[in-house]
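Visitor: Pasting a structure below so you can have a look.
Number of protein chains: 2
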Amino acid sequence: MSPDMPPHRLTAAAASALIADGRLRVEDLARSCLARIAEREPSIRAWSWLDPEQVLRNARELDKTPRIGPLHGIPVAVKDVFDTADMPTQHNSPLYVGHRPGQDAACVATLRAAGALIFGKTDTTEFAAGGRWAATGNPHDPRHSAGGSSSGSGAAVADCHVPLSLGTQTGGSLIRPASFNGTFALKPTWSTVSREGAKLYSATLDTVGWYGRSVADLRLLADLYDLPGEPAESVPPMAGLRIALCHSPVWSHAEAATREALAEAARRLAAAGATVTPLELPDIFALLPTEHHKAVLHGEGRGAFLSLYRAHGGRLHDDFQGRATNREAITPAQLRAAYDTAAQARAAFDAIAAGFHAVLTPSATGTAPEGRNPGNPIFNQMWTLLHVPCVNVPGLTAANGLPVGVTLTGPRFADHALLDVAERVAPLLAPL
Amino acid sequence: MSPDMPPHRLTAAAASALIADGRLRVEDLARSCLARIAEREPSIRAWSWLDPEQVLRNARELDKTPRIGPLHGIPVAVKDVFDTADMPTQHNSPLYVGHRPGQDAACVATLRAAGALIFGKTDTTEFAAGGRWAATGNPHDPRHSAGGSSSGSGAAVADCHVPLSLGTQTGGSLIRPASFNGTFALKPTWSTVSREGAKLYSATLDTVGWYGRSVADLRLLADLYDLPGEPAESVPPMAGLRIALCHSPVWSHAEAATREALAEAARRLAAAGATVTPLELPDIFALLPTEHHKAVLHGEGRGAFLSLYRAHGGRLHDDFQGRATNREAITPAQLRAAYDTAAQARAAFDAIAAGFHAVLTPSATGTAPEGRNPGNPIFNQMWTLLHVPCVNVPGLTAANGLPVGVTLTGPRFADHALLDVAERVAPLLAPL
Numbered sequence: 003m004s005p006d007m008p009p010h011r012l013t014a015a016a017a018s019a020l021i022a023d024g025r026l027r028v029e030d031l032a033r034s035c036l037a038r039i040a041e042r043e044p045s046i047r048a049w050s051w052l053d054p055e056q057v058l059r060n061a062r063e064l065d066k067t068p069r070i071g072p073l074h075g076i077p078v079a080v081k082d083v084f085d086t087a088d089m090p091t092q093h094n095s096p097l098y099v100g101h102r103p104g105q106d107a108a109c110v111a112t113l114r115a116a117g118a119l120i121f122g123k124t125d126t127t128e129f130a131a132g133g134r135w136a137a138t139g140n141p142h143d144p145r146h147s148a149g150g151s152s153s154g155s156g157a158a159v160a161d162c163h164v165p166l167s168l169g170t171q172t173g174g175s176l177i178r179p180a181s182f183n184g185t186f187a188l189k190p191t192w193s194t195v196s197r198e199g200a201k202l203y204s205a206t207l208d209t210v211g212w213y214g215r216s217v218a219d220l221r222l223l224a225d226l227y228d229l230p231g232e233p234a235e236s237v238p239p240m241a242g243l244r245i246a247l248c249h250s251p252v253w254s255h256a257e258a259a260t261r262e263a264l265a266e267a268a269r270r271l272a273a274a275g276a277t278v279t280p281l282e283l284p285d286i287f288a289l290l291p292t293e294h295h296k297a298v299l300h301g302e303g304r305g306a307f308l309s310l311y312r313a314h315g316g317r318l319h320d321d322f323q324g325r326a327t328n329r330e331a332i333t334p335a336q337l338r339a340a341y342d343t344a345a346q347a348r349a350a351f352d353a354i355a356a357g358f359h360a361v362l363t364p365s366a367t368g369t370a371p372e373g374r375n376p377g378n379p380i381f382n383q384m385w386t387l388l389h390v391p392c393v394n395v396p397g398l399t400a401a402n403g404l405p406v407g408v409t410l411t412g413p414r415f416a417d418h419a420l421l422d423v424a425e426r427v428a429p430l431l432a433p434l
Numbered sequence: 003m004s005p006d007m008p009p010h011r012l013t014a015a016a017a018s019a020l021i022a023d024g025r026l027r028v029e030d031l032a033r034s035c036l037a038r039i040a041e042r043e044p045s046i047r048a049w050s051w052l053d054p055e056q057v058l059r060n061a062r063e064l065d066k067t068p069r070i071g072p073l074h075g076i077p078v079a080v081k082d083v084f085d086t087a088d089m090p091t092q093h094n095s096p097l098y099v100g101h102r103p104g105q106d107a108a109c110v111a112t113l114r115a116a117g118a119l120i121f122g123k124t125d126t127t128e129f130a131a132g133g134r135w136a137a138t139g140n141p142h143d144p145r146h147s148a149g150g151s152s153s154g155s156g157a158a159v160a161d162c163h164v165p166l167s168l169g170t171q172t173g174g175s176l177i178r179p180a181s182f183n184g185t186f187a188l189k190p191t192w193s194t195v196s197r198e199g200a201k202l203y204s205a206t207l208d209t210v211g212w213y214g215r216s217v218a219d220l221r222l223l224a225d226l227y228d229l230p231g232e233p234a235e236s237v238p239p240m241a242g243l244r245i246a247l248c249h250s251p252v253w254s255h256a257e258a259a260t261r262e263a264l265a266e267a268a269r270r271l272a273a274a275g276a277t278v279t280p281l282e283l284p285d286i287f288a289l290l291p292t293e294h295h296k297a298v299l300h301g302e303g304r305g306a307f308l309s310l311y312r313a314h315g316g317r318l319h320d321d322f323q324g325r326a327t328n329r330e331a332i333t334p335a336q337l338r339a340a341y342d343t344a345a346q347a348r349a350a351f352d353a354i355a356a357g358f359h360a361v362l363t364p365s366a367t368g369t370a371p372e373g374r375n376p377g378n379p380i381f382n383q384m385w386t387l388l389h390v391p392c393v394n395v396p397g398l399t400a401a402n403g404l405p406v407g408v409t410l411t412g413p414r415f416a417d418h419a420l421l422d423v424a425e426r427v428a429p430l431l432a433p434l
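Heads up: the sequence lines are chains A and B, in that order. FYI, our numbering numbers position 382 of the first sequence as 384, with every residue one higher than the one before it. FYI, our numbering numbers position 121 of the second sequence as 123, with every residue one higher than the one before it.
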C-alpha cells in the first residue's frame, strides 16, 4: 500500500485484497475512514448515526475472526431507511428519533453474512420519499446539495468516508445523488434485491441499490446479491461497441450541464471508436417519466403511508398526510393505465435495447442545486418504472466545477453486461 | 345480546356496535374468545403465540380508553409472518424461535391505531412460503388440514376464536384456507395494503388480506385499509346480476367437491334470477396459473431468501436453500415472459370482467386434505398473478362433510363492488 494512498481512499476491491492478504488490518482501515469522517463531516453531514467506538469494536472483532466472506472488514454505510439490529433507524423523521427496530433488513443481513463492517447510517430525505430534506452537503461544494433521497450514502462514498454504501431508488434517489456527488451507482433490475426491512413506498418502483468509487466495487455487490442474468457475452473492444444515445421524453428539462455532458460522453465514445446512434423512443414512452410514474408513486404511496397517518395524524409531515389521503386524487383508472403502459413499454424497451451494448441517457437535469434541495428526479423516473438496470458513470465536470454523471442502461436483467460496458466507458469520462 | 350468542360468536361488526353502545365490555369479549380458544385449541392449534394475561391487560386498557377507532376492542389474530412490537414473530421457522422485532408491521399498526385488540399470532407455513407446515387442524375435522399458508388465521376465524385475522397470499395462501375452513376471505387488489414489516417473498405476488365470518366484516377492514376503488355502482337485484362462470385454465385439477360446488353455486345463482354465462379465457391466460406463476415465485424468491441462506446456510430449510440457489433454474427470459404475459393478461382480464358483476371460479382443488398438507394453490395462483381482488364465499359442503368455498373475482380495484356482490351471493350459498 502506497503511503500516498490512505486506506480510506481505497476501493472496496483493493481494500478487500489487502485485508485478505493480511496487509491491511480492518481496524486500520476503519480508523482511516473515521479520521476522514472527523475531518469532513462538519461540512458534509452524510451521517445520521455513527458510533466510532462501536465501529472500532466491530473492526477489532473482524481482525480476530477468520475471513467470513468477500466483504470481510469492508466499511459499508447504510441509508437510514433500512432496519439495522445494532443501530437506530430514524428515516430522517421526528417520529422515529432513536427508533431501534432490533433486526437487520435483508440486504444488511447479507452484507453482514459476507463479513462487512456496517459502519453507520446515512442521512436521507424523510422516508426516502418527501418531507424533510437531508442535511448532507455536496463534497465538491458543501453549499450545494448531495441530491437525494440517498443523500448521505452518495456523499459518504464520493467523499471517501467509506468505499461502499446502500441506497434506494423509487424516483431518482440512487442515480441522481451519484451524478451530483461524482461517484458510481448501480440501480439493479427491479425486484432482484430484497426490500424486506426497508421503508416501503411503492412496490412497483422501490429498488435497493448501491454506491462505489469504481465499477469493480459495484460488481462486488452485484455478485454478493447474486443478481440474475445470463453470463454476459464478452463486451467487444470500443470499435465494436454499439451505444444508443437517448435524450428521453423529458429532454426539455435538461440544463446546459446535462446537455453538454451527454454530448461530451457521446463524442468521447465515438472518438474511441464506438458507434453512437441517436435513439428516439416510441410514443408509448412519452408519459412514463411524468404522469405514469406519478400515478404509481402516489397510487401506491397511499397505502404505504396510511399506518403512519393513522398512528400520528397531524404530527406526520404534511407530504405524507397528502399521500395517505390521496391528495393528488389518483384514480384506479390512472393507476391501471400507468401499470399497463409501463408493462408494455418494458417489453418494448427490452427489444429496443437488445440492439445495443448500452443506452446512454442523462442522470439528472444538471448539477447539484444550491442549498439542500435534492433536485429533480425526472430523468430517472422512467427507468425506475421500466425496471431496468442503471449505472451512473461519473467523471465529467460542468462549467460550474460540479460533477455531472451520465446513465448507462439496458434491458431488464442485463445488470452484469451493463457493468462490463460501464467498465469500458468509465475511463473515457475520467478527467482528461 | 342474546344469551344464545356468546360474544366469541359475534361478527366484528356486531361486536363493534355493542362495544360502541357500552353493551359489551372489551374484557368480556376477550374472555369469551379466550374461553373458546381454551376449549378448541388443543385440537385446532391455530396459534403460534398467545398470552391470555397480555390479552386481558390490553382489553381492560381499551375498556378504560375513549373509543379509539372503528375496531375498538375487536380481537384480531395476526399471521406469524407480520412483525409485532409486543409479541414474537417466529415465521414457523426454527431460526426465529422467540424472535422479537420490536416494531409493528404497517398493517398491524393500522389495526392498532383503530383500537383493535391484537390477540396473538397464528401458525403459518414456514415464512408463508414452503418448508414446515403449520400444526393447525381443520375446525370441521381436525384430522384434516386448515390449508395454508395462512393456516391459523383461517382456522381461528372459522372456529370463532376471534372475529378477524390477517393473512397473506403469494400463491393461494388466503383463499384456499378460507375455502377449507368455511369462512370468508378477501385478497385485495395487489399493492393496496402495505407489506412493510411482513416477511417478503415475491414483490409481484405478495398480498396482505384478511378473514372474517361475514362480508360486512371483510368490508370493515377494506374500509380501514382505505382500499381504492370508484364508488361501486349499486349492485342490481339478483335478476340483473351478470355472473361469469370461469372454470379457469386448470379445471382438470378440480376434484368432484369443487366441480359440484361450482355447479351448485351457478345453479343457485341462476335459480335466484342471475344470468350465469360460461367464460372461456383467451389463450394468453393458459400458462399463468402454472409456468408463469412459478417463474415469478421462484425468480423473485431467489432474492427473498438469499439473506437467510447466507446467514444460516444448511440450517435453513432445504426448500429455501433451493429458492436462494435458484434450484429451479429460472432464467431471466422465463421471468421476463412471465412478467410481460401477466401484464398483458391483467389488462385483458379487466376488460373481460368489466362485462360482469363478478367472475365465479374455484377456490381450491377440493376439500381440505388429510393430515397437515396445506393443499394445492393451483386455482388461486392465476388470480394472484393477475393482481385482482378475490373473495372466498363459504357455505357449501362437500359429500365428505367438509366445507368447499367458491371465489368471486373481478377487475383490479373492484374490491368494494366485489364485496357488494359477495353480500348478495353469500346467502344463496348458506346451508339450505
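Beta carbons: idealized from backbone N, C-alpha and C, even for Gly. Note that the structure is a prediction, hence the values are computed from the model and not measured.
So, with DSSP's three-state summary, where would you put Gly-24 (chain A)?
Guide: In this structure, Gly-24 (chain A) counts as coil in the three-state DSSP scheme.
Visitor: For Thr-260 (chain B), does the three-state DSSP call read helix, strand or coil?
Guide: Helix, per DSSP.
Visitor: Since Val-159 (chain B) and Arg-221 (chain B) should fall inside the 8 Å C-beta cutoff, what is the C-beta to C-beta distance between them, to a whole number of angstroms?
Guide: Not really, about 15 Å apart at Cβ, beyond 8 Å.
Visitor: Which residues of chain A have a Cβ atom closer than 9 Å to the Cβ of Lys-189 (chain B), listed in chain order?
Guide: Residues of chain A passing the Cβ test: none, with the nearest at roughly 15 Å.
Visitor: Rounded to the nearest angstrom, how far is the Cβ of Ala-366 (chain B) from that of Ser-175 (chain B), given a contact under 8 Å?
Guide: So it is not a contact: roughly 12 Å between Cβ atoms.
Visitor: Determine which residues share a DSSP beta bridge with Pro-364 (chain B) and list them.
Guide: Its beta-bridge partners are B:Val-408.
Visitor: Below 9 Å between beta carbons is the criterion; list the residues of the segment 230 to 244 of chain B that meet it against any residue of chain A, in chain order.
Guide: Answer set for the segment 230 to 244 of chain B: Pro-230, Gly-231 and Glu-232.
Visitor: Name the chain A residues that come within less than 8 Å of Gly-104 (chain B), Cβ to Cβ?
Guide: Near Gly-104 (chain B) (Cβ distances below 8 Å), the residues of chain A are Arg-102, Pro-103, Gly-104 and Gln-105.
Visitor: Measuring alpha carbon to alpha carbon, tell me which of B:Ala-218, B:Ile-177 and B:Gly-169 ends up nearest Val-195 (chain B).
Guide: If we check each option's Cα against that of Val-195 (chain B), B:Gly-169 comes out closest.
Visitor: Within the segment 177 to 247 of chain A, note down every full beta strand (DSSP E) run reaching 3 residues or more, in order along the chain.
Guide: List check, beta strand (DSSP E) in window: 186 to 189, 209 to 214 and 244 to 247.
Visitor: Quick one: using the 10 Å Cβ neighbour count with 16 as the cut-off for buried, is Val-99 (chain B) buried or exposed?
Guide: Counting Cβ neighbours within 10 Å, Val-99 (chain B) comes out exposed, since fewer than 16 surround it.
Visitor: Going along the segment 371 to 403 of chain B in order, which residues come within less than 9 Å of chain A, judged by CB to CB distance?
Guide: Listed by position, the residues of the segment 371 to 403 of chain B near chain A (Cβ gap below 9 Å) are His-389.
Visitor: Contact check, Arg-47 (chain B) vs Asp-125 (chain B) under 8 Å by CB: the rounded distance?
Guide: Rounded, the Cβ-Cβ distance is 7 Å, consistent with contact.
Visitor: Where does Leu-431 (chain B) fall in DSSP's three states?
Guide: Note: Leu-431 (chain B) maps to helix in three-state DSSP.
Visitor: Chain B partners of Pro-251 (chain A), CB-CB under 7 Å?
Guide: Those within 7 Å of Pro-251 (chain A) in chain B number zero; the least Cβ separation is about 20 Å.
Visitor: What did DSSP end up calling Asn-402 (chain B) once you bin it into helix, strand or coil?
Guide: Asn-402 (chain B) falls in the coil class under three-state DSSP.
Visitor: Quick check on the burial criterion: 16 or more other C-beta atoms within 10 angstroms. Buried or exposed for Arg-38 (chain B)?
Guide: The residue is buried, with at least 16 neighbouring Cβ atoms inside 10 Å.
Visitor: Using a Cβ-Cβ cutoff of 8 Å, what residues of the segment 290 to 308 of chain B are near chain A? List them in chain order.
Guide: Within the segment 290 to 308 of chain B, the residues whose Cβ lies closer than 8 Å to some Cβ of chain A are Gly-301, Glu-302, Arg-304, Gly-305, Ala-306 and Leu-308, listed in chain order.
Visitor: If you draw a straight line from the alpha carbon of Asp-106 (chain B) to that of Arg-59 (chain A), how long is it in whole angstroms?
Guide: Approximately 31 Å, taken between the alpha carbons.
Visitor: What is the rounded straight-line gap between the Cα of His-319 (chain B) and the Cα of Val-28 (chain A)?
Guide: Whole-angstrom Cα-Cα distance: 33 Å.
Visitor: In the segment 308 to 376 of chain A, which residue ranges form an unbroken beta strand (DSSP E) of at least 3 residues, counting only runs that do not cross its ends?
Guide: The qualifying runs are 360 to 364.
Visitor: Quick check on the burial criterion: 16 or more other C-beta atoms within 10 angstroms. Buried or exposed for Lys-66 (chain A)?
Guide: With fewer than 16 Cβ atoms within 10 Å of its Cβ, Lys-66 (chain A) is classed as exposed.
Visitor: Closer than 9 Å, CB to CB, is Gly-71 (chain B) near chain A or not?
Guide: Gly-71 (chain B) counts as touching chain A.
Visitor: Can you give me, in chain order, the residues of the segment 343 to 354 of chain A that have a beta carbon less than 9 Å from any beta carbon in chain B?
Guide: Taking 9 Å as the Cβ-Cβ cut-off against chain B, the residues of the segment 343 to 354 of chain A that qualify are Ala-344, Ala-345, Gln-346, Arg-348, Ala-349 and Asp-352.
Visitor: Mapping the DSSP letters down to three states, classify Asn-378 (chain A) as helix, strand or coil.
Guide: Looking at Asn-378 (chain A) - three-state DSSP - the assignment turns out to be coil, as it is neither helix nor strand.
Visitor: Suppose contacts are defined by Cβ-Cβ distances below 9 Å. Is Val-217 (chain B) in contact with Val-393 (chain B) by that definition?
Guide: In contact: Val-217 (chain B) and Val-393 (chain B) (Cβ atoms closer than 9 Å).
Visitor: Looking at the unbroken alpha helix (DSSP H) that takes in Pro-54 (chain B), where does it start and where does it end?
Guide: First-last of the alpha helix (DSSP H) with Pro-54 (chain B): 54 to 66.
Visitor: What does DSSP give as the partner residue(s) for Gln-92 (chain B) in the beta ladder?
Guide: Paired residues: none, contrary to the question.
Visitor: Just to confirm before moving on: does the CB-CB distance between Ala-104 (chain B) and Ser-18 (chain B) stay below 9 Å?
Guide: Here residue 104 (chain B) is Gly; the residue named in the question, Ala, does not match the sequence. Contact: no.
Visitor: Please report how far the alpha carbon of Ala-137 (chain B) lies from the alpha carbon of Ala-87 (chain B), in whole angstroms.
Guide: Their backbone Cα atoms lie some 24 Å apart in a straight line.
Visitor: Quick one: which unbroken beta strand (DSSP E) runs of 3-plus residues sit fully inside the segment 132 to 157 of chain A? Chain order, please.
Guide: For the segment 132 to 157 of chain A, whole beta strand (DSSP E) runs of length 3 or above, ordered along the chain, are 143 to 147.
Visitor: Taking the continuous beta strand (DSSP E) assigned at Thr-112 (chain A), which residues delimit it?
Guide: Not the beta strand (DSSP E): Thr-112 (chain A) falls in the alpha helix (DSSP H), residues 108 to 115.
Visitor: Show which residues of chain A have a CB atom less than 8 Å away from the CB atom of Lys-201 (chain B).
Guide: Ordered by position in chain A, the residues that pass the 8 Å Cβ test against Lys-201 (chain B) are Glu-198.
Visitor: By the criterion of Cβ-Cβ separation under 9 Å, what are the contact partners of Val-195 (chain A) in chain B?
Guide: In chain order: Gly-305 and Leu-308.
Visitor: What is the C-beta distance between Leu-243 (chain B) and Ala-268 (chain B), in whole angstroms, given that I count them as a contact (C-beta under 8 Å)?
Guide: In fact, because the Cβ distance is near 12 Å, the residues do not count as touching under 8 Å.
Visitor: Tell me Leu-166 (chain A)'s beta-bridge partners as DSSP assigns them.
Guide: In DSSP, Leu-166 (chain A) forms a bridge with A:Val-78 and A:Gly-214.
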